[in-house]
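One structure is given here, and the rest of the page talks about it.
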Amino acid sequence: MVFFYVANEFSGTLKESDKGTLQWMSKEELSQNKLAYNFDHDLPVFFDSSISEHMLDGKRDELF
19 MVFFYVANEF SGTLKESDKG TLQWMSKEEL SQNKLAYNFD HDLPVFFDSS ISEHMLDGKR
79 DELF
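Per this note's numbering, the very first residue in the sequence shown carries number 19; after that it's consecutive.
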């Protein structure tokens, strides 16, 4: 299970991890960069206010 969070503001310092470099990107930058496998299927959850969930279990790929 993965939880998505959307923020309009942030203060503080991003905490690095061994998963890769953390950075803020605009919507346009996202489309120009290599994303995690299938993350392009998750992007509508962030940018379409009528969508609040994405179910991807290997058989279904549905937005709700």
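Every residue, glycine too, gets a C-beta built ideally from N, C-alpha and C.
When DSSP states are grouped into helix, strand and coil, residue 79 belongs to the strand group. In this structure, the straight-line span from the alpha carbon of residue 66 to that of residue 36 is close to 30 Å.
In the three-state reduction of the DSSP assignment, residue 48 falls in the helix class. Annotation: the continuous alpha helix (DSSP H) that includes residue 61 extends over 57–65. Between residue 43 and residue 56 the beta-carbon gap is near 17 Å, outside 8 Å, which marks them as no contact.
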